[in-house]
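Read through the structure below, which is laid out as structure tokens, and then see the notes.
In this note's numbering, the protein residues as written are 733 to 941.
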């Protein structure tokens with residue numbers, strides 16, 4: 733099984749970002765058992781010092797490590813953007829959606845298994861790109877599901893670049909009502925800026941309507 737993992741994997745190095753030394757040690761042990769090399773990192777600062785061009789990132793989702801947005805920015809801030817997944821003992825739907833929208837390929841429930849590690853590193857670059865896109869689309873659809881039908885209508889108009897006045901005309905409502913719907917949908921979405929909301933709408937396919 734180890735030989736198979738080594739032969740198939742384009743990535744044989746796993747960066748583990750976790751403030752919990754016991755979890756880091758456990759993942760390092762599992763990695764060794766399936767023929768992979770683990771680089772345990774206590775925080776993003778240590779990750780930045782160790783990171784190389786190849787590898788896969790596994791990060792804990794907890795306040796002591798870093799926010800998911802910070803972790804994902806760190807994995808993509810270098811010229812060789814690294815694929816990454818997140819794990820937590822008690823994930824919430826909102827945090828899962830947030831991680832996926834920030835570029836995580838997967839969100840695991842702790843404890844991880846050897847199979848989780850092997851599936852991650854045996855992905856080809858093409859599979860990683862496709863998985864990253866699909867995870868964002870899935871997370872966007874989950875986020876959109878929290879909105880009311882009228883809020884979805886407003887977000888759809890926003891993805892087409894329309895201002896409040898045009899949205900009001902298109903939907904037959906007042907500009908003030910549009911403002912209220914925009915404010916409400918921003919509160920419900922995991923990323924609370926207009927540009928992020930539009931991006932979520934695009935990943936959910938609202939711009940194609």
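Don't be surprised by glycine CBs; every beta carbon is placed ideally from N, CA and C.
Within the chosen definition, does the region 882-902 reach the region 851-862 through at least 3 CB pairs nearer than 8 Å?
no
Tell me the DSSP secondary structure of residue 768 in three-state form.
coil
State buried or exposed for residue 901, treating a residue as buried only when at least 16 other CB atoms are found within 10 Å of its CB.
exposed
Closer than 8 Å is the cut-off here; do at least three beta carbon pairs connect the region 834-849 with the region 863-876?
yes
For residue 904, is the classification buried or exposed, using 16 other Cβ atoms within 10 angstroms of its Cβ as the cut-off for buried?
exposed
I'd like the span of the beta strand (DSSP E) that includes residue 840, first residue to last.
839-841
Validate contact between the region 781-792 and the region 823-830 using beta carbons, cut 8 Å, 3 pairs
no
Mind checking whether residue 814 and residue 789 have CB atoms under 8 Å apart?
yes
Would residue 888 be called buried (16 or more neighbouring beta carbons within 10 Å of its own) or exposed?
buried
Where does residue 938 fall in DSSP's three states?
helix
Given this structure, state the Cα-to-Cα distance separating residue 740 from residue 804, to the nearest angstrom.
The predicted model places residue 740 with a pLDDT of 36, which falls under 50 and marks its position as unreliable; any figure quoted below should be read in that light. Their backbone Cα atoms lie some 25 Å apart in a straight line.
Residues near residue 872 by beta carbon distance below 6 Å, same chain, minus five either side:
932, 935, 936
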